[in-house]
Structures are given as C-alpha cells and as structure tokens.
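To keep things clear, I will list the structure first and then write my remarks on it.
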Amino acid sequence: MLTELRIRNFAIIDAVVLPLAPGLNVLSGETGAGKSIIVGALGLLIGERANADVVRPGAERAVVEGTFEVGDAPELRALLDERGIDVEDGVLVLKREVPASAGGRARAWINGTAVTASVLSDIGRALVNVHGQHEAQSLLDPEAQRRILDAFAGAQGQSAAVARAHGALTAAQAAVADLVTRRNTAQKRADYLQHVAREIADAKLVEGEEQQLEDEARRLTHAEELRALAGELSAVLEGNDGAVLGQLGHLQKPLASLQRIDPSVARLQEVYDAAYYALEELAREVAAYSETVERDPARLEEVERRRDLLFRLLKKYGGTVAAALETGRDARAELALLESAELDLRELTVAVTAAEAALQEAAAALTKARQKSAARLAKEVEAQFPGLGLDAGHFHVVLTPRATIGAVGAEDVEFRVALNVGHDARALARVASGGELARVMLALKTILAGVDRVPTLIFDEVDAGIGGRVGQQVGDAMRRVASHHQVFAITHLPQIASRAHHHIRVHKGAKDGVTTADIEVLEGETRVEEIARMLGGDADSATSRAHAREQLASAVSGAGSGAVRGAGSGAESGAASARPAPRRVPRGRGA
C-alpha cells in the first residue's frame, strides 16, 4: 500500500506531501489544478520514461518519492531479493530524480540502493497498477484478454507451463532443422571434404616446419660459403703460427712474472684464463659447425619440394600450418556428421515427439481451466453491468481453437459484448466507446480484485462521459474494489468523490510569481464544501451543502459502503455536520 507520496519541482508542483490511506482515496479539484500531474509523478516513480520537461521552471531537478507498506508479500520479497534490495520493517521507499539539463541522466533508488529504470519499473509494476482512458484501451488487446481470463481461472501456472513446453518444442525442432541443414550441406560437399581431408592428411604437416625448412634451405644453398667462413675462423684462432690462441699462450709467462712482483694484480690472471678458455671453446664450436656443413644437392632439392608443397597447401587452407591442420580437422568432423546424422536425427526426432506430447498435455490442462472459467467470468462480469449503467449489457468470453498450439495455448481468447438491446455480441473494439470500455474494465477489476496481487490501483478519470446514477454506481464499484486493494482515483464526479474513504483536494496557488499546485486533506465541513462544489451548485448555499451531505451519507449506508481493513474511522463519515478543521499539508515538507 502507498502510504505517502512526496513530490518536489515536478511540472507546476513546488513541493507537496500526499498522505494516502487504505481503501478508496479520491483526488478532486478544479480542471487544470494539477490532479493528473500527480498521477504523472507517480508514473515516473514506478518507472515510466523520464524527461527533463517535467522539471519545474527554475529548479535543478524534479524529485518524486513514495513510501510503501509491503508487509510479507512473498512474491514481491522474492523479486526484491533477486535484485539485492533489502526490506526493513515491511517498508519500501522508491525515489526518482530527473535533472533539468537535457543531457543529464535520471536516477532511481529503492530503499537507498541505486537501481536502473528497468528494475524500478519491475518493482513499480508489482506495487502499483495505473488505469485510465489509455489503459482501458488495452482491453482491446487479445493478449490482455487472455491474461485476464488466466488470472481469473488461477491458470497462470498452466499458462507458464505451456510457454515453457512450447519453448522446449521450438528448441527441439530447431535442433532437428539445424542438423538436417548441416547434413545436407555435408552431403553436397562430401567429395570436396574428402579431398581436403586426404590432401592435408597425406601432407603430414607439422606445426612450425615452415621456418625449419626455410632455415635448412638457406644453409644448403650457401654450404660452400659457410664452410669457407668457418675455415677462416679456425685458421685465425688456431690454424697457424700467428693464430690467436698461440699468441695468447705467450702472454702467460710475463703475466706470471708480473704477479710475483705485484700480487695485487692476481685478478688479471683470472681474466686471462677466462679469455683463453672462451677462445678455445669458440675454436671447438667453429670446427664442429664446419663438419656439419656440406654441400648436398639432393637434400636441397628435397627441401625445396617440401617447401613448394607447403606453399600450395597453405595458400589454399589458411596461410599457416596451424590453419591448414584446423581445416583438415573441420573437414573430417563434417564428414563424420554424415556417418552419425541418421542416429542423431532419430534421437532428436524422439525428443521432438516427446516435446509435442508435453506441449499437448500442458495445453490441454490450460484449455480445461479456461473452458471451466470462461462462462463463470462472463456471468460475474455481466452481473456487474447493471451497477455500472450498462443495464442491457451482455458479456461473453469466446475461446477459438488455434490451427496449431502456440506459446499461449491451443485457443485464442476474445471478449465480446452486446451493450444495447437487440444487438449481437461483438468484439469490444467494434462496439464499446471509451467510457463504456472504462466501465467494462472496472467490472473486470471488481471481479479480479480478489486474485490481483498488485496492492495499489490508480484510476485516472475513468469516469469520463458518465454522470448521475451511473457515476454513483461506478463509485460504489470502486469502493467494492477498495475492500481488496488500495484504490486511488482522480475524479470530477461528486458521486465518486463522496464514496471515498480518504478525500484530497488539489488547488492552484502561486509561489514567487510562478503557478504552483497544493493539496488539502478534506474532512468534515471542508469535504461537504468540496462535494457541493462538484455538484455544480453554490458551495456556500444550504441547499448545495444539504445535497452534499446526502451524497456522503449514501456512501456510508449504501450497498457500496465496502468495509476497508485499516481505514481510519474519520474517513467514512463526511456527512457529519460538525467536523475538525481540515489538515493542510504544508508545501515546504520534504518531497
């Protein structure tokens, strides 16, 4: 239940705190006073699209904050837990900020945790359901009609089971189609794939051999030059009287004498030894290398043939040995598919058959639930029509079998009405006006109130186009719904306003030369005065006030009085002549 709505710098609203109560809450006021703006602010709070245009002129940002009492509400708690949002003492606080700058981003919080607009919308839809002229139009949508019937039948579980079964069948059929496509493609490419697999396998490719072959070909091509260079190095190191190692050996004697005279140069001996041993190692390595280099035209020809083979294969199959090997593996796998496809198809076909059977079973259970409830829903909705000014109306729920079972079941659901005597029942879209649609929706809401889990329902001027006795009947219907839900209604009709448990008036004012909207909770004589104004007479005249008191008294004693759990005792008795002064909510209270 929404207990308080705080709005700051939203459209013409400077700052208001809207206290709400259990039961039927009514918002009234002159045209243009800002009633629908409050509903717009509430819509923003529950995730509707944010726009900088809603920010009050001169303000940096618009802020809307709502406090909800959610109690246990296991489904809502689960929804919050999934998103990591904690609830303390059964209270949930939603907050939304919209910056005035066009490039700024709106922000949202739930119980102090920053959330995305989509998360805010998910939680908001579980808390508040807004109904207005536009929402009544949603009744024309077959999908909406199907959801209403399933909710009434308590068949949401069966509906979800059908959707899952249909998804499983679709996935199984897609797997079959994919395998058949891949098998057919492989069949068309079989000769080519066999050629590719054989050619790559016969080549016995080894990763990294391109570089090895290139290095070997270079050595074989320059074998004579390499041997000559190695021989030259050997000669310089140790191959003649003037060789480096021989000359270095002559240094040992003077170095030893130097150390005898000056022992401090002992390190020179270490350096000498290291140099001598290094040159000896170099000489051995050069000699060994020289022996490995030989001119071998036959081997060079073999290496070049292998390089030519690699060049041709790699040009065809990916540019590297690794890519060519991968191509070979893919070709073999595709060929293997031809061998296993029939067995795999048989297994997948069995899975499709099982999925079809599961879908048929789930759809049959859903169809049974719908058939069992369709006539009952029609009867109960039709029973509401006389009380909503649709005395001659008839309501039908038509189930039309589908050619194939879909994700929504084996039949389409259509609501049909006959609102005038002598007329056949037709689809809502063909016979119902906007006002009639709103009343049909209200009739459905009255019936669904017991199963609808959304705690707060908002009705934004669904009384358009009605009045008199019909308006009173609509008010009574709202009051009945309010025995199961918190209802918040925007209305111009005194017949509806007089049936409220909690009445709030919106009026215009000015602050710093800018138009603003303010609110006032009505009780006692101020409520009588507002009802008298709405009746169209002189709000100060005794006759208008007497008429207003009569309206208020009829709400308490009439058929639609609807006891409300948790409603304050003062909410009911607006007809009393002596009442305490109205509570005016100051505009400066935090929003």
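Heads up, our numbering is the position in the sequence shown plus 439, with the first residue counted as 1.
Note that CB positions come from ideal geometry on N, CA and C, so glycine has one too.
- Rounded to whole angstroms, D830 and V478 show a C-alpha spacing of 31 Å.
- An exposed status is given to F750, since fewer than 16 other beta-carbon atoms sit within 10 Å of its beta-carbon.
- Assignment of A611 by DSSP, reduced to helix, strand and coil, places it in the helix class.
- For the pair of segments examined, the region 971-981 was found not to touch the region 496-516: the number of CB pairs separated by less than 8 Å stays below three.
- A distance below 7 Å separates the beta carbons of F927 and N464.
- The beta carbon of Q810 lies closer than 8 Å to those of L838 in the same chain, with the five residues before and after it left out.
- Exclusion of the five residues before and after E655 leaves V742 as the residues of its chain whose Cβ lies within less than 6 Å of its Cβ.
- When the five nearest sequence neighbours on each side are left out, the beta carbons in the same chain lying within less than 7 Å of the beta carbon of P840 are those of A849, E850, in order along the chain.
- Secondary structure at D520: helix, using DSSP grouped into helix, strand and coil.
- A distance below 7 Å between beta-carbons, with the five flanking residues on each side excluded, links W548 to the following residues of its chain, in chain order: K534, V554.
- Each residue's CA atom was taken as its position, placing A882 and E781 some 58 Å apart.
- D899 sits in a strand when the DSSP states are folded into three classes.
- Taking a cut-off of 8 Å on C-beta distances, the region 527-546 does not touch the region 582-601, as fewer than three cross pairs fall below it.
- Checking the DSSP bridge columns, you'll see D851 partnered with T839.
- R628 sits in coil when the DSSP states are folded into three classes, being neither helix nor strand.
- No Cβ-Cβ contact shorter than 7 Å links V569 with I958.
- Here I929 is near D899, since their CB atoms are less than 7 Å apart.
- In the three-state DSSP reduction, L457 falls in the strand class (E or B).
- If you draw a 10 Å sphere on the C-beta of N679, you find fewer than 16 other C-beta atoms in it, and that means exposed.
- If the five residues before and after K950 are omitted, its C-beta is found closer than 6 Å to the C-beta atoms of D453, all from its own chain and listed in chain order.
- Contact between the region 783-792 and the region 623-641 is absent: fewer than 3 CB-CB pairs across the two stretches fall below 8 Å.
- Counting the other CB atoms within 10 Å of its CB gives I700 a total below 16, which places it among the exposed residues.
- Between E677 and L684, the C-beta spacing is below 7 Å.
- When rounded, the separation of the alpha-carbon atoms in Q651 and E795 is 59 Å.
- Residue environment: A512 is assigned as buried (16 or more neighbouring CB atoms within 10 Å of its CB, all protein chains considered).
- A straight line joining the alpha-carbon of E853 with that of L588 spans about 10 Å.
- C-alpha of L787 to C-alpha of R546: approximately 49 Å in a straight line.
- Membership of P693 in the alpha helix (DSSP H) is indicated by the continuous run 691-700.
- Per DSSP, the unbroken alpha helix (DSSP H) holding F591 starts and ends at 581-592.
- In this structure, the alpha-carbon of A460 lies about 10 Å from that of H942.
- Between V725 and R666, the gap from beta carbon to beta carbon reaches 7 Å or more.
- Using a Cβ-Cβ distance cut-off of 8 Å, the region 552-566 and the region 815-822 are not in contact, since fewer than three pairs of beta carbons, one from each stretch, lie closer than that value.
- Distance check between D641 and each of L752, V879, G523 places L752 closest, using alpha-carbon atoms only.
- Taking G471 as the centre and dropping the five residues before and after it, the same chain places the C-beta of K947 closer than 8 Å to its C-beta, in chain order.
- Membership of R495 in any beta strand (DSSP E) is not indicated, and neither H nor E is assigned to it by DSSP.
- Exposure of T982 is indicated by the presence of fewer than 16 other C-beta atoms within 10 angstroms of its C-beta.
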